[in-house]
Amino acid sequence: HSVRVLEARDRVGGRTVNLSIGNGHVVEGGGEWMGPGQDRIANLAKDLGVRTFPAYYEGDTTYDILGEVSTGLLPDVGIGSAVDFLELAWKIDREAMKLPAGRPWRAEQAGSLDRRTLGDWLSAQSATMFSWAIFRVITRAIMAGYPERISLLWFLHYLRGAGGLLPLIMNDGGAQDLRFEGGSQRLSIRMAEALGDRLHLGQPVHRIEQLDSRVWVRTRDRLFSARRVVVAMMPSDLLRIRFEPALPREKHALAVGWARLPRLPIVKLSVLYETPFWRSMGRNGAMQSDRAPLQLVFDNSPEDGSMGVLSCFLSVAEAPEFADRKIRERKVLEELARYFGRRAFDAVGYVEKDWATDPFSTGCITPLTPGILSESGPALREATGRIHWAGTETAEAWCGFMDGAVRSGERVAAEILEAMGRKPLSPRDVSAVLSSGRTTL
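The following block contains the structure:
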């Protein structure tokens, strides 16, 4: 069976995109890391011949927590605050592991959990101000939202799929452990090379119509016909497409609910230096904050250290004074100088990806507010006739990560093969197809 891919953008990669920084080097403007337990993305990288290397975490981390800046292995807080956070991490992991894997809406208390926010749970646990701050750091970074707005059920689902809170948030040895040589978009570029003329760029889909035994897909200027269609995008972006017949009520409600989320649009930016000067200061280039304009900072330098790169997550919604790009560059340097000294002003370049202005994705990462997952969760993955749903938000494990996206692709491939009366592919079969560059099964 032949395959065609319709891509709205003029490039492949979706929410992974490489930004050139000169001398053959790139930084990622979207998803970039991989860690232990993410075997699907690891296998894909191996099959495509894309090497990984350890992210740089040697030295002290900078923390801007509760208005206090400190540097060290951990934030400079009392033992009582640290113990409180670790106890909360243990408690919330215990709650997460009670969920049915990949199907949180089937939990005995799903409705109750989904009516509450993570903030409600923290309040019920009498969390210290420090623990509140750390959970704000976490949710701002991985969900672009606040504990007070994020569904407790959705947060627990994230933890369940990652094996717990610490594997999800840890850098060295956690989900941010490894980087991809040549940038994460290189995976999609390699797959695109195998597709050849079966890949159609610049073809945003406007209409999908199911008629008898065929599905008709209309783009701006072309019409395609297929036996089955896979739609891989953030649920909110489904509202850009007209479906005939209309989507089931639950699926439409899911898309509408996702589109109305009070998210924090993220700018992922990178500041370039001649050298990673912070390393000679005994620093690893990382900074974590619960409230500063820069949510996260991390060393994103090339593996050989031939130049220095500090990449940052910035929410303009939280810091409107950063809205204008020219002003933003200057103010970012001012913020970096607060943490790494005046040498931070000696930048030689700047690149960014502003996900708030992306025409084809409603941001890069999303929270989920109460009341959506328990009511419409099953519609995340249930096929609609001959239309199948993929994308990292549909993953049973590592939701929100590249590994989750790959898992969702494997799932829909198995669904389609089963619907066609074919034997599902084993991981070995998938590797053989990728290695051969074939575009038929």
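Numbering of the sequence shown is given in this note's numbering, commencing with residue 134 and proceeding in unit increments. Note that CB positions come from ideal geometry on N, CA and C, so glycine has one too.
Restricting to Cα atoms, I'd like to know which of the options is closest to residue i.
i      : options                           : result
Asp193 : Asp432, Arg361 and Val545         : Asp432
Leu346 : Glu228, Arg382, Arg519 and Ser259 : A quick correction: the sequence has Ser, not Leu, at residue 346. The candidate whose alpha carbon is nearest that of Ser346 is Arg519.
Arg137 : Val364, Val430 and Glu529         : Val364
Arg269 : Ile302, Ala243, Glu383 and Arg424 : Arg424
Ser317 : Phe473, Ala538, Ser135 and Gly554 : Ala538
Output needed for residue i: all residues of its chain with C-beta closer than 6 angstroms, excluding positions within five of it in sequence on either side, in chain order.
i      : result
Ser321 : Val145 and Gly146
Arg236 : none
His290 : Pro237
Glu342 : Trp349 and Glu377
By the 10 Å Cβ neighbour count, where 16 or more other Cβ atoms means buried, how is residue i classified, buried or exposed?
i      : result
Val481 : exposed
Asp479 : exposed
Lys556 : exposed
Pro409 : buried
Glu201 : exposed
Lys384 : buried
Gly205 : exposed
Glu468 : buried
May I have the straight-line CA-CA distance separating residue i from residue j, to the nearest angstrom?
i      : j      : result
Tyr406 : Ser413 : 14 angstroms
Asn151 : Arg142 : 14 angstroms
Met440 : Lys486 : 20 angstroms
Trp411 : Leu402 : 18 angstroms
Gly418 : Arg331 : 42 angstroms
Leu207 : Trp166 : 22 angstroms
Val404 : Val210 : 30 angstroms
Thr185 : Arg312 : 5 angstroms
Gln428 : Leu286 : 24 angstroms
Thr572 : Arg475 : The predicted model places Thr572 with a pLDDT of 49, which falls under 50 and marks its position as unreliable, so this point remains unresolved.
Leu574 : Ala379 : Note that Leu574 has pLDDT 46, beneath the 50 cutoff, so the model's placement of it is unreliable and the number below is only indicative. Distance between the alpha carbons of Leu574 and Ala379: 31 angstroms.
Arg471 : Ser203 : 11 angstroms
Ala552 : Gly438 : 50 angstroms
Leu181 : Ala327 : 10 angstroms
Glu454 : Gly252 : 27 angstroms
Gly622 : Asn156 : For the chain, the structure presents residues 134 to 574; residue 622 sits outside this window and is missing.
Pro108 : Arg351 : This structure leaves residue 108 out entirely; the chain is present only between 134 and 574.
Arg544 : Leu199 : 43 angstroms
Ser509 : Glu436 : 43 angstroms
Pro503 : Gly415 : 43 angstroms
Excluding the 5 residues preceding and the 5 following residue i in the sequence, name in chain order all residues of the same chain whose CB lies nearer than 8 angstroms to its CB.
i      : result
Ser494 : Gly147, Arg148, Met366, Met367, Asp370 and Trp488
Leu466 : Val404, Ala477, Phe478 and Ala480
Asp217 : Ala260, Thr261, Phe263 and Ser264
Gln336 : Leu139, Glu140, Ala141, Thr352, Arg353 and Arg355
Are the Cβ atoms of residue i and residue j separated by less than 8 angstroms?
i      : j      : result
Met420 : Thr195 : yes
Leu394 : Leu501 : yes
Ala128 : Pro426 : No answer is possible for residue 128: it lies beyond the span of the chain, which begins at 134 and ends at 574.
Arg293 : Ala388 : no
Ser448 : Asp197 : no
Ser444 : Val159 : no
Phe534 : Ala308 : yes
Arg319 : Val183 : yes
Ala512 : Glu548 : no
Ser245 : Leu506 : no
Gly297 : Asp226 : yes
Within its chain, find whatever has a CB closer than 7 angstroms to the CB of residue i; leave out the 5 residues flanking it on each side and keep chain order.
i      : result
Leu221 : Gln258, Ala260 and Ser264
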